[in-house]
Amino acid sequence: LFTLNWDMLAGPSDTLMIAGANQRHQLFISEDCGWSWYEQPIELPGDYHGETCWQLKYDKWRDRLWIDTGYGLAYKDNPTLSVGEEVWTFIPADYVTLDAYPNPFNISSTIRYSLQRPAEIKLDVFDVLGRQVATLAEGLVEPGEHRATFDASQLASGVYFVQLNTGSETIRHKIVLTK
């Protein structure tokens with residue numbers, strides 16, 4: 001007995017695909033809305049070949065399939081899935097993501113960030129002159145996806161930069177405020 005976790009995939013050719021992973025960490029693909037399935041081997045590079053798959057996500061904006069191994073992330077761009085294909089890029093376990101939506105925005109934007117391991121973070125917003133205009137989050141954060149709201153109602157229209165510092169890494173994301 002096993003259960004499937006579902007993610008809808010819109011492939012590059014607009015073929016509707018469904019991917020599911022069972023508790024044995026096997027990946028299954030359906031290209032006919034779930035009527036038939038085939039197993040897709042999870043082939044990761046180097047020492048990660050055959051690694052346990054914890055999570056599977058499809059990013060339709062980047063046309064990228066992500067697999068979380070627990071030790072880090074692997075991804076495949078333009079994923080036309082076929083049995084035996086091995087073109088994965090491995091990302092270390094301390095990988096951090098940061099983005100904002102909507103962007104451009106009016107008044108407020110939701111800042112999303114994710115961590116692969118616990119970290120002391122500071123999430124700040126700076127103007128184009130490098131002045132700090134807001135601190136959105138600070139302190140010890142657990143692994144996973146997190147959100148913070150940036151209220152820019154008291155700020156002028158323009159370009160701002162969201163900066164996430166994890167102690168070992170600093171990343172920035174440009175956002176545009178239009179009033």
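Numbering (our numbering), first residue to last: 1 to 179.
We put the beta carbon where it would ideally sit given N, CA and C, even for glycine.
Below 8 Å on the Cβ atoms is my guess for L136 versus G158; work out the distance and round it to an integer in Å. Wrong, their Cβ atoms sit about 18 Å apart, outside the cutoff.
Sequence-distant residues of the same chain with beta carbon closer than 8 Å to T166, five excluded per side: Taken in chain order, the residues that qualify are D94, V96, L115, A119, E120 and I121.
When we look at the beta-carbon of Y101 and count the other beta-carbons within 10 Å, is it buried (16 or more) or exposed? With fewer than 16 Cβ atoms within 10 Å of its Cβ, Y101 is classed as exposed.
Which listed residue (R117, I107 and L65) has its alpha carbon closest to that of E142: E142 has its Cα closest to that of R117, out of R117, I107 and L65.
Going along the chain, which residues of its own chain have a beta-carbon closer than 7 Å to the beta-carbon of D77, five neighbours each way excluded? Excluding positions up to five away in sequence, the list reads D63 and R64.
Go through its chain and collect everything with a Cβ distance to K179's Cβ below 7 Å, but skip five positions before and after it. Beyond the five residues adjoining it in sequence on each side, K179 comes within less than 7 Å, by CB distance, of N106 and S157 in the same chain, given in chain order.
With DSSP run on the structure shown, which of helix, strand or coil describes S82? Note that S82 scores 48 on pLDDT, short of 50, meaning its location in the model is unreliable; the coordinates nonetheless yield the value given after this. The answer is coil: DSSP assigns S82 none of H, G, I, E or B.
Under the rule that 16 or more other beta-carbon atoms within 10 Å means buried, what is L123, buried or exposed? Counting of Cβ neighbours within 10 angstroms places L123 among the buried residues, the total reaching 16 or more.
Apply the 10 Å Cβ neighbour rule to L164 and answer buried if 16 or more other Cβ atoms are within range, or exposed otherwise. Around the CB of L164, 16 or more other CB atoms lie within 10 Å, so the residue is classed as buried.
Pairwise C-alpha distance: E169 and Y160: Just so you know, the alpha carbons of Y160 and E169 end up roughly 20 Å apart.
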